[in-house]
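> Under mature numbering (1 follows the signal peptide of the UniProt record, and there is no 0), the residues of the sequence shown are numbered -16 to -1, 1 to 950, in order.
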Amino acid sequence: MPAWVLGFALLPLVAGLNDGLAVTPLLGWNSWNSFHDDVNETLIKETADLLVSTGLAGVGFDYLIIDDGWASRKRAVSGPIQHNTTRFPSGIATLADYVHGKGLKLGMYTDSGSMTCAKYSGSLGFEKEDAAQLAEWEIDLLKHDNCFSVPEKERSVQARYEDMRDALNATGRPIVFSVCEWGVSSPWLYGREVGHMWRTGKDISIAIEASWDGVMQNLDDTTGLSRFAGPGGWNDADMLAVGKPVGNRLSHTEQRAHFALWALIKSPLIIGADLRALSRETLLLLKSREVVAINQDPLGVAGDRVWKQGPKEVWAAPLKGGARAVILFNRHVASDDNFPATEMTVYWSNIGLPNDAQATVRDLFKERDLGVFTGSFSSVVDNHGVIVLRIATTRPTVGLEAWRPWICDPSVGDACVQDSEKEEMGRATQALQQEVGDEQARVTGLRQREAELQAAVARLEAQAAADADASAQRVHQVERLRAAEAEAAQRACSQAVDRKNLVVVLALGVASGCVLGFLAAAVFLQCSWAAAHLAAAAGAATLSPRFSGCQAVLFDEQRTESLGNGRRPRQRVAFHDEINETLIKETADLVVSLGLREAGYNFVNLDDGWAQRTRNGSQPIMYNETRFPNGIRALADYMHAKGLKLGIYSDSGNQTCAGYTASLGYEKEDAAQFAAWGVDLLKYDNCWTVSPEVMTVQARFEAMRDALNATGRAMLYCMCEWGVSSPWLYAQQVGNSWRTTQDISLNISASWAGILENLDANTGLARFAGPGAWNDADMLELGLPGGLYLTGNEATAHMALWSIIKSPLIFGADLRLMDNVTLGLLTAPELIAFNQDPLGVAGELVWKQGPTEVYACPLDGGSRAVVLFNRHVASDGKFGSHNITIFWKSIGLPPTEAATVRDVLLRKDLGSFTGTYTGPVSTHSVLALKITPLRRIQGADDWRPWICNKSIGMDCGLQRVSVKSV
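(1) Tell me the rounded alpha-carbon separation between Asp205 and Pro755.
(2) Label Ala60 either buried or exposed according to how many other C-beta atoms from any shown protein chain fall within 10 Å of its C-beta, with 16 as the threshold for buried.
(3) What did DSSP end up calling Lys652 once you bin it into helix, strand or coil?
(4) Does the beta-carbon of Leu890 have 16 or more other beta-carbons within 10 angstroms, so that it is buried, or is it exposed?
(5) Nearest-angstrom Cα distance between Asp762 and Gln142?
(6) Here's the rule I'm using: 16 or more other beta-carbon atoms within 10 Å means buried, otherwise exposed. How should Leu843 be labelled?
(7) Pull up the distance between the alpha-carbon of Glu265 and that of Gly643, whole angstroms please.
(8) Identify the continuous beta strand (DSSP E) that holds Glu327 and give its terminal residues.
(9) Taking buried to mean at least 16 other C-beta atoms within 10 Å of its own C-beta, is Asn485 buried or exposed?
(10) Which partner residues of Ile255 appear in the DSSP bridge assignment?
(11) Return the residue from the list Asp281, Leu173, Phe132 that minimises the CA-CA distance to Arg211.
(12) By the three-class DSSP mapping on this structure, what secondary structure does Gly91 have?
(13) Kindly list the residues whose CB is nearer than 7 Å to the CB of Gly579, restricted to its own chain and excluding five residues on each side of it in sequence; keep chain order.
(14) Can you tell which of Ala325, Asp281, Asn314, Lys292 has its C-alpha closest to the C-alpha of Arg308?
(15) Measuring alpha carbon to alpha carbon, tell me which residue in Val7, Gln117, Leu48, Gly39 is nearest Ala55.
(16) Taking buried to mean at least 16 other C-beta atoms within 10 Å of its own C-beta, is Ala660 buried or exposed?
(17) What residues match up with Pro904 in a beta bridge as DSSP calls it?
(18) If you reduce the DSSP assignment to three classes, tell me which class Arg431 lands in.
(19) Looking only at C-alpha atoms, which of Leu766, Val285, Leu224, Lys832 sits nearest to Asp803?
(20) Does the beta-carbon distance from Lys832 to Thr184 come in below 8 Å?
(21) Does the beta-carbon distance from Val43 to Val290 come in below 8 Å?
(22) Spell out a yes or no on whether the region 350 to 358 and the region 291 to 306 are touching, meaning 3 or more CB-CB pairs, one atom from each, closer than 8 Å.
(23) Determine whether the beta carbon atoms of Leu90 and Asp124 lie at a separation below 8 Å.
(24) Short check: CB of Pro252 to CB of Leu628, under 8 Å?
(25) Spatial neighbours of Leu807 within its chain, please: C-beta separation below 7 Å, excluding the five flanking residues on both sides.
(26) How many whole angstroms separate the CB atoms of Ser15 and Asp51, which I take to be in contact at a CB cut-off of 8 Å?
(27) For the 8 Å Cβ check, are there 3 or more pairs between the region 62 to 75 and the region 99 to 116?
(28) Measuring only the C-alpha atoms, how far is Thr695 from Leu619?
(29) Within the continuous alpha helix (DSSP H) that includes Pro813, where are the two ends?
(30) On a CA-only basis, which of Ile278, Met328, Arg374, Leu793 is nearest Glu297? Give me that one, please.
(31) Can you tell me which of Asp887, Leu877, Asn279 puts its alpha carbon nearest to the alpha carbon of Thr900?
(32) Considering only their Cβ atoms, is the gap separating Ile915 from Val850 smaller than 8 Å?
(33) Can you tell me which of the three DSSP states Met200 falls into?
(34) Just mark Thr673 as buried or exposed, buried being the case when its beta carbon has 16 or more other beta carbons within 10 Å.
(35) Which runs of the beta strand (DSSP E), 3 residues or longer, sit entirely within the region 551 to 600?
(36) Judging by CA-CA distance, which residue of Val330, Ala376, Glu741 is the nearest neighbour of Arg346?
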C-alpha cells in the first residue's frame, strides 16, 4: 500500500472535506493565463524547475497546476479520462513523479460539464472513473470548471460539484478540490462542505477587458465573504494577474496592490505568468515574504474592507498573536499625473485596538519598522497603490469582535456557515482567547524589558535619521498635502458660515434638493464630458417646494432602440460638439411635450461647444454666432417662457475639454456675462488646467464661486472636477454638486462596468450630501450609450441606484429618438420620489455579501427606501436570479416590527411583513422597495453608515446636513 494511503487513513473522511488539507490558502502556479490550452510536458517540467531555481518554491509556491488542454479531445464510451499522448508522451504519472521529485505538488484540471471550456473531455457522468484515474496518477489538486454544463433544473451546480467531491473522497487519496463554478450559485454558502476553495467571480482576464477593472470587479465580488473562509476552505478571487505579459494592462503599482489585497483577503495566490519571462521586479514582488506571511497566517482569518470613503479604503485582518494586517488602498480612477497620491489614515478604532494604545507599525513591502504610534497612522498612498502594514500593540489588548465585518450576524442578513462549522469556529475563537491570555501573562516580563525597548527605540530613531535623505521626497509630499489642507481649513474659517455668503443660489434655497436633468452637450472623448453633464444636476426641482431638479440634454452618439432584457445596437446620432440653437429649442419643446418637465426635469443645459474657440482679448466669453445666431439671452428667454431653466458650461482651465474658450483668469468677466444672459446654472469642468502647485483645484473652483456670488443672480454651481481633490470634504462651501469621480463613458470601455465603478467610488460619501449640496456620480446612461450599451435590467438598476444615493439625475439621450421604455423609466414617479425626498438624506450601501448588496436611506415620515441589488458578473441565463433578503435591523427597524412593503417600480403593495422581506432579483437588476412600519418608530441613527464618526476614522469634512430623527 502506498505511503500516502496509510497517512490518509488517519484522516476523517466525511462529506465536508475535513481532511487536513488547505489549512492555509494555496500558493502555486497555473498554466491558463499565459498559455491557455497550449500546454505540454516540456513546458511543465521547465516551470517546475523555475519554481525551484527562482526561489518561489522556497517562499511557498509549491503547487504546479496544469489547466485546460492536457486531456484528449474525446473520451471512450466508458472508462476514465486520458491525457493527450502527443503533448505528454511520458504520461501524467511520470510527470507527477518529476514534479514530486522537486518537492512540489501537481494539480490537474477537469470540468463538471460535458466538455471543458476549451472543448476537451469533461467529467460529467464520469466523476468516479476520472477521480480514480487522477488518484492513480498521484495528483495533489483538482481544479473543476463549469463549462458546457447541464441546465440547473436537471442537475444543480452544487450537486455536480458534490458528485466529484464524493468521487475524490472514495479514492482515499488526499486531493485538494478547487471549485471553479465562478460564484454563480453562491458557493460560499456551501463550499466548505464540498471543496477547499471556491471561485467567487468570473475570470479576471475575461470578466472585463481591462485587467485593472477585472481585478477591481473580482475584489468587489469577494467583499463581505471573508466570514465564510477559514482553515480548510477559502474564497478564491481568481489567479493573480501579476507579471502576465499577454493582455495585462496593470502597472507595477497596480500589480503590487493586486498582490497585497489578494494576500489579505486570503485568496489562494496562484501565479499565471510565464516564469521564463519573469522580470526581476515581478519576481521580487512575488517573493515579498512578509506580505505572503499575511496570506499564510496560522490564525486563518480572512481580511475584509473595514472602512471606505469614496476611493479611499482600509482593509484589515487579525493575525496570530494579536497584531493586525492593514492595507491602505487608494483606488481613485483619476489618472492625471497632477493627482498621483492621497494621504490616508487608519485609526486604531477601525481595527479593534484602543484609541490610546501604542503600536508598532511596520511596512511589509519595505520590511522595515516605521515607529511607534498612538491612535492612528497616516501615509501618502499612490493612485491605484497600497501601503501594507503590520500594526502590533506594545501590550496585549482584549477587544470586541465587532470591528470585524466578517463576524457572522444572521439578524442583519448574513447567510452564515452551517452548524457543522460553528464548533470549528468556536475552537478557533477559544484558541485566540488563549493566546490573549498567554500574552497577558507575559505583561510583567514585557515591562521588565522596558529598558531594552527604549534602547530599541533609540536605534530605530538613529535608523530613521539615516534614512531621512532617502525619504525626503515623500516627507515633502506629506508636508505639502498637509499644508494645502491647513490652507483649505483657514479659507473655510475665513469665509462667513452664513449661507448668504455662499453661492447665491444657496441663500435663495434654490438647490435644497437633489437634481434632475437633461443635458445638451457634445460627446468628445478627449476629456470628461459626462462629468460636466452631471455636475449640472444640482438644479431646482419642481417636485417639492423644498427640492430642486436639474435638467440637461447631453448629445449622445447612439441611442437605445429597445430596453428589453436583451442588448440591442443603437442607431448612431453623432453630435459631438456640434450643438446649435435649433437643436436646443427642439429639445426644450420635447422636454415639455413628453412630460419630462412635469416629472421634474426642468433644466436644459448646454455643454461644451457653445462658445467661440478663442477669446477676444480680455473681453468676457462669447457664444458662437453661427451656431447661436440669436444669442444666449434669447435662448434663455425661450426656456423661461416654457417653464424651463437654462444651464451653461465652462471650464476652470485654459480651454474646455473640446478646445473652446475657458474661464481660468476670467472668472469675474464670464460670471457677469452668464448673469446678464439670464443663465440659471453653471457646470464648471476641469480640463487643460494648471499645476496644483500654481493654483489648487479647490482654489480654481472657489474663484468661480466668488465670481458667481458677486453677480447677485441665483445660479446653481455644479463642480465637475472628477473627484480628484476629494471635493466632498470642502465642496459644501463652494457649490451645489460635485463630481465624485470621472466620466462613466471614459473610465471603462463597457458602460455597465463604468456604472459600477462610479457607484463604488461614491460609496461612503453619503454623509457629506444633503439639501443644497449633493454628491454627483455622473450622468445617467439611459438612452445614451455613447457607443456603449445596457440591458433593460442594467438600465433599471442604474436609475434606481442613482435615485437612492441622491445623485443628480441627468440624462443625455436624443429626445427626438426617445423610446417609450426609456421614457417610462426616466419618469417613474415613485423612484424619482426617492431621489427628491424632502428629508434629504442620501442612501448608502448598508449590507454586502459578494455580489448581493442592499442600499437604503430614511425617508420623510419614517419609511425606508431600499434597493436590493444583484451585481453578479455571471451573464448565463441559467443563473439569472438570486433571492436577496432585507432584514429590518439593517435599516434601523425592530426585528419584531410589522411593515408594509411596496414595489416602487411596479407601483404595487406586496403586503405586510415582520422582520424581513425576501425577493428574487435578476442578474444586474434591482428590487426597489418602500418599507413603512405600521407605527411610528423612534430609532437611533447608528444603522446608517453615513452618520459621521471621527472616532472610527471618518474624515467628516465641512458637513452641513442635520438629519432629524424618525
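Glycine residues also receive a C-beta, built at the ideal position from the N, C-alpha and C atoms.
Well, looking at it:
(1) The residue given as residue 205 occupies position 221 in the sequence shown. The residue given as residue 755 occupies position 771 in the sequence shown. In a straight line, the C-alpha of Asp205 is about 33 Å away from that of Pro755.
(2) Numbered from 1 along the sequence shown, position 76 holds the residue referred to as residue 60. Classification of Ala60: exposed, given that the 10 Å Cβ count is below 16.
(3) The residue labelled residue 652 in the question sits at position 668 within the sequence shown. Correct three-state label for Lys652: helix.
(4) Here residue 890 is taken as the residue at index 906 of the sequence shown, counted from 1. Leu890 comes out exposed.
(5) Locating residue 762 in the sequence shown gives position 778, counting from the first residue. Locating residue 142 in the sequence shown gives position 158, counting from the first residue. When rounded, the distance between both Cα atoms is 40 Å.
(6) The residue labelled residue 843 in the question sits at position 859 within the sequence shown. Buried, by the Cβ-count rule.
(7) Mapped onto the sequence shown, residue 265 falls at position 281. Mapped onto the sequence shown, residue 643 falls at position 659. Each residue's alpha carbon lies about 40 Å from the other.
(8) Mapped onto the sequence shown, residue 327 falls at position 343. Start and end: 325 to 331.
(9) Start at 1 with the first residue of the sequence shown, and residue 485 comes out as number 501. Summary for Asn485: the model assigns pLDDT 25, below 50, so the residue's position carries little reliability, and this model does not support an answer.
(10) In the sequence shown, residue 255 corresponds to position 271, counting from 1. In DSSP, Ile255 forms a bridge with Trp13.
(11) Along the sequence shown, one-based indexing puts residue 211 at 227. It is Leu173 whose Cα lies nearest to the Cα of Arg211.
(12) The count along the sequence shown starts at 1 and reaches residue 91 at position 107. Correct three-state label for Gly91: strand.
(13) What you label residue 579 is simply residue 595 of the sequence shown in a count that begins at 1. Excluding residues within five positions, the ones whose Cβ falls inside 7 Å are Thr811.
(14) Position 324 of the sequence shown, counted from the first residue, corresponds to residue 308. Selected option, being the one with the closest Cα: Asp281.
(15) The residue labelled residue 55 in the question sits at position 71 within the sequence shown. Of the candidates Val7, Gln117, Leu48, Gly39, the one whose C-alpha sits nearest the C-alpha of Ala55 is Gln117.
(16) Start at 1 with the first residue of the sequence shown, and residue 660 comes out as number 676. Classification for Ala660: exposed.
(17) Against the sequence shown, residue 904 aligns to sequence position 920. For Pro904, which the question treats as bridged, DSSP gives the partners Asn867.
(18) Taking the sequence shown and counting its residues from 1, the one referred to as residue 431 is at position 447. Bear in mind that the predicted position of Arg431 carries a pLDDT of just 47, short of 50, making it unreliable; the figure below should be weighed with that in mind. Arg431: helix per DSSP, three-state reduction.
(19) Here residue 803 refers to the residue found at position 819 when the sequence shown is read from its first residue. Asp803 has its Cα closest to that of Leu766, out of Leu766, Val285, Leu224, Lys832.
(20) Looking up residue 832 in the sequence shown gives position 848. Looking up residue 184 in the sequence shown gives position 200. Contact: no.
(21) Position 59 of the sequence shown, counting from 1, holds the residue named residue 43. Position 306 of the sequence shown, counting from 1, holds the residue named residue 290. Not closer than 8 Å, so no.
(22) no
(23) Within the sequence shown, numbered from 1, the residue matching residue 90 stands at position 106. Within the sequence shown, numbered from 1, the residue matching residue 124 stands at position 140. A contact, by the Cβ cut-off of 8 Å.
(24) Position 268 of the sequence shown, counted from the first residue, corresponds to residue 252. Position 644 of the sequence shown, counted from the first residue, corresponds to residue 628. No; because the gap between Cβ atoms is not below 8 Å, this pair is not in contact.
(25) Mapped onto the sequence shown, residue 807 falls at position 823. Closer than 7 Å at Cβ, skipping near neighbours: Leu578.
(26) Residue mapping note: residue 15 aligns to position 31 of the sequence shown, counting from 1. Residue mapping note: residue 51 aligns to position 67 of the sequence shown, counting from 1. Indeed, because the Cβ distance is near 5 Å, the residues count as touching under 8 Å.
(27) yes
(28) Counting from 1 along the sequence shown, the entry for residue 695 is found at position 711. Counting from 1 along the sequence shown, the entry for residue 619 is found at position 635. Roughly 20 Å between the two C-alpha positions.
(29) For this step, residue 813 is matched to residue 829 along the sequence shown. Unbroken alpha helix (DSSP H) run through Pro813: 813 to 819.
(30) The residue labelled residue 297 in the question sits at position 313 within the sequence shown. Here the closest residue by C-alpha is Met328.
(31) In the sequence shown, residue 900 corresponds to position 916, counting from 1. When each option's Cα is compared against that of Thr900, the closest is Leu877.
(32) Position 866 of the sequence shown, counted from the start, is the residue given in the question as residue 850. Position 931 of the sequence shown, counted from the start, is the residue given in the question as residue 915. Yes, Cβ-Cβ distance for Val850 and Ile915 is below 8 Å.
(33) Sequence index remark: in the sequence shown, residue 200 carries index 216 (1-based). Three-state DSSP puts Met200 in a helix.
(34) On the sequence shown, position 689 is the one that residue 673 refers to. Buried: at least 16 other Cβ atoms inside 10 Å.
(35) 587 to 590
(36) What you label residue 346 is simply residue 362 of the sequence shown in a count that begins at 1. Of Val330, Ala376, Glu741, the residue nearest in Cα terms is Ala376.
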